[in-house]
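A.B. asks: Numbering (our numbering), first residue to last: 1 to 262. The beta-carbon is built from N, C-alpha and C at its ideal position, and this holds for glycine as well. These figures come from a predicted structure and were not determined experimentally.
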Amino acid sequence: MTRILAVANQKGGVGKTTTTVNLAAGLAESGKRVLVVDLDPQGNATMGSGIDKRALAQTVYHVLLGLATVESVLTRAASGGFDIVPANRELAGAEVEMVDLEHRETRLALALERVRERYDFILLDCPPALNLLTLNGLVAAHAVVIPMQCEYYALEGLSDLVNTIRKVKQSLNPALEIEGLLRTMFDPRNLLAQQVSAQLEQHFGAKVYQTIIPRNVRLAEAPSYGAPAVNFDPSCKGAQAYVQLAGEVLKRAGLAPEPARA
Ligand code: ATP
Ligand code: MG
């Protein structure tokens, strides 16, 4: 069974892309077949996977507009051991161009149907907005991974996202769940971070991943080398946290890690 996870939070810069590529690499390391779909015109997941976003003839934009199939667009990440459907700025146009199309919210879900059986996990890196691209991600997914920084406004933003997930569940995707909340860029010396983290656990209980991603400069450096930190510097604290997260995600999916494939 394929598990499709949308990595979403409309707040910018909370670690969605870092989580997507490093979780993908961590799951691949556990022997799982993984596809990443870059749903952000910024193309950060694409660049962070070692793919030059400026040199692409076709991207997820063409898939969403029905101009190409996922098979024809996907490519292999330079390192990381996963496949990726890349994106670049052209995707910004899809927002507008899809508005008049039929099934505009379900286009990604339909496009993924043809390839999903080839993967154990499909991770969707959503843009920092509750827009039509994110909506396509939420409709295509089984569950949502919500990366968040433990700061004051984080909880406020979270209720908007939870409401959106509830609405999508009521209308277009009844099976949608929250997979988990992930504390990112965590600094244990910061008192507010500790307080917000405790509130999160109180409110969301077991939905909060036990794994906490620390603030770690290697995670921020890795994209400039076109590799997830999990591959670029496996011994750094950030990489180790993401490998631990992959273990937790496997456990929640009822799967055990397998020895890595050659
Ligand atoms: P956007 O909303 O723009 O898509 P995002 O939610 O995808 O952003 P990232 O791009 O993953 O967030 O992270 C934002 C910035 O913080 C990036 O420069 C990234 O390298 C850095 N970063 C992410 N996680 C960490 C971490 N745990 N420690 C240090 N830096 C991090
Ligand atoms: Mg991003």
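Tell me the rounded alpha-carbon separation between residue 107 and residue 96.
C.D. replies: Here residue 107 refers to the residue found at position 107 when the sequence shown is read from its first residue. Here residue 96 refers to the residue found at position 96 when the sequence shown is read from its first residue. Roughly 14 Å separates the two Cα atoms.
A.B. asks: Suppose you measure from the CA of residue 190 to the CA of residue 60; what does that come to, to the nearest Å?
C.D. replies: Counted from its first residue, the sequence shown places residue 190 at position 190. Counted from its first residue, the sequence shown places residue 60 at position 60. Roughly 39 Å between the two C-alpha positions.
A.B. asks: Could you check if residue 99 is buried or exposed, using at least 16 other CB atoms within 10 Å of its CB as the buried criterion?
C.D. replies: Counted from its first residue, the sequence shown places residue 99 at position 99. With fewer than 16 Cβ atoms within 10 Å of its Cβ, residue 99 is classed as exposed.
A.B. asks: Return the CA-CA distance between residue 262 and residue 155, expressed in angstroms with no decimal places.
C.D. replies: Along the sequence shown, one-based indexing puts residue 262 at 262. Along the sequence shown, one-based indexing puts residue 155 at 155. Because residue 262 sits at a pLDDT of 47, beneath the cut-off of 50, its placement in the model cannot be relied upon, and the point is left open.
A.B. asks: Taking 8 Å as the threshold (C-beta atoms), are residue 16 and residue 28 in contact?
C.D. replies: Locating residue 28 in the sequence shown gives position 28, counting from the first residue. Locating residue 16 in the sequence shown gives position 16, counting from the first residue. Not a contact, by the Cβ cut-off of 8 Å.
A.B. asks: Are there three or more Cβ pairs, one per stretch, closer than 8 Å when the segment 123-141 is compared with the segment 70-81?
C.D. replies: no
A.B. asks: Just checking residue 184 against ligand 1 - is the residue's beta carbon closer than 7 Å to any of the ligand's heavy atoms?
C.D. replies: Here the question's residue 184 lines up with position 184 in the sequence shown. Correct: residue 184 has its Cβ closer than 7 Å to ligand 1.
A.B. asks: Can at least three beta-carbon pairs, one atom from the segment 181-201 and one from the segment 41-57, be found at a separation below 8 Å?
C.D. replies: No: fewer than three Cβ pairs fall under 8 Å.
A.B. asks: Using a 10 Å radius around the Cβ and a threshold of 16 neighbouring Cβ atoms, would you call residue 62 buried or exposed?
C.D. replies: Working through the sequence shown from its first residue, we reach residue 62 at position 62. With 16 or more Cβ atoms within 10 Å of its Cβ, residue 62 is classed as buried.
A.B. asks: From residue 136 to residue 187, what distance separates their C-alpha atoms?
C.D. replies: Start at 1 with the first residue of the sequence shown, and residue 136 comes out as number 136. Start at 1 with the first residue of the sequence shown, and residue 187 comes out as number 187. Between residue 136 and residue 187, the C-alpha separation is close to 33 Å.
A.B. asks: Check residue 262 in the structure and name its three-state DSSP category.
C.D. replies: Working through the sequence shown from its first residue, we reach residue 262 at position 262. With a pLDDT of 47 at residue 262, under the threshold of 50, the predicted position of this residue should be treated as unreliable, though the coordinate-derived value follows. It is coil, neither helix nor strand.
A.B. asks: Residues bridged to residue 84 by DSSP?
C.D. replies: Residue mapping note: residue 84 aligns to position 84 of the sequence shown, counting from 1. BP columns for residue 84 point to 36 and 75.
A.B. asks: Beta-carbon separation of residue 209 and residue 245 under 8 Å?
C.D. replies: Position 209 of the sequence shown, counting from 1, holds the residue named residue 209. Position 245 of the sequence shown, counting from 1, holds the residue named residue 245. Yes, Cβ-Cβ distance for residue 209 and residue 245 is below 8 Å.
A.B. asks: Under 8 Å between the Cβ atoms of residue 220 and residue 230?
C.D. replies: Numbered from 1 along the sequence shown, position 220 holds the residue referred to as residue 220. Numbered from 1 along the sequence shown, position 230 holds the residue referred to as residue 230. It is not a contact, given that the beta carbons lie outside the stated cut-off.
A.B. asks: Please list the terminal residues of the continuous beta strand (DSSP E) segment that includes residue 180.
C.D. replies: To locate residue 180, count along the sequence shown from 1; it is residue 180. 177-186 is the extent of the beta strand (DSSP E) around residue 180.
A.B. asks: According to the neighbour-count rule (16 or more other Cβ atoms, all chains shown, within 10 Å of its Cβ), is residue 235 buried or exposed?
C.D. replies: To locate residue 235, count along the sequence shown from 1; it is residue 235. Residue 235 is classed as exposed because its beta carbon has fewer than 16 other beta carbons within 10 Å across all chains shown.
A.B. asks: Taking 7 Å as the line, does the beta carbon of residue 109 fall inside it for any heavy atom of ligand 1?
C.D. replies: Translated into positions along the sequence shown, residue 109 becomes position 109. No.
A.B. asks: Following a CB-centred definition, is residue 84 positioned closer than 7 Å to any heavy atom of ligand 1?
C.D. replies: Numbered from its first residue, the sequence shown carries residue 84 at position 84. The answer is no for residue 84.
A.B. asks: Helix, strand or coil, according to DSSP, for residue 5 in the structure here?
C.D. replies: For the purposes of this step, residue 5 is taken as residue 5 along the sequence shown, with counting starting at 1. The answer is strand: DSSP assigns residue 5 an E or B state.
A.B. asks: I'd like to know whether the C-beta atoms of residue 10 and residue 160 end up nearer to each other than 8 Å.
C.D. replies: For the purposes of this step, residue 10 is identified with residue 10 of the sequence shown, where counting begins at 1. For the purposes of this step, residue 160 is identified with residue 160 of the sequence shown, where counting begins at 1. In contact: residue 10 and residue 160 (Cβ atoms closer than 8 Å).
A.B. asks: Compute the Euclidean distance between the alpha carbons of residue 19 and residue 214, then round it to the nearest angstrom.
C.D. replies: Within the sequence shown, numbered from 1, the residue matching residue 19 stands at position 19. Within the sequence shown, numbered from 1, the residue matching residue 214 stands at position 214. Taking the straight line joining both Cα atoms gives about 12 Å.
A.B. asks: For residue 149, count the other beta carbons within 10 Å of its own beta carbon; 16 or more makes it buried, fewer makes it exposed. Which is it?
C.D. replies: Position 149 of the sequence shown, counted from the start, is the residue given in the question as residue 149. Answer is buried; the Cβ neighbour count reaches 16.
A.B. asks: Starting from residue 149 and walking both ways along the alpha helix (DSSP H), at which residues does that stretch end?
C.D. replies: One-based indexing of the sequence shown puts residue 149 at position 149. Careful: residue 149 lies outside any alpha helix (DSSP H), inside the beta strand (DSSP E) at 143-149.
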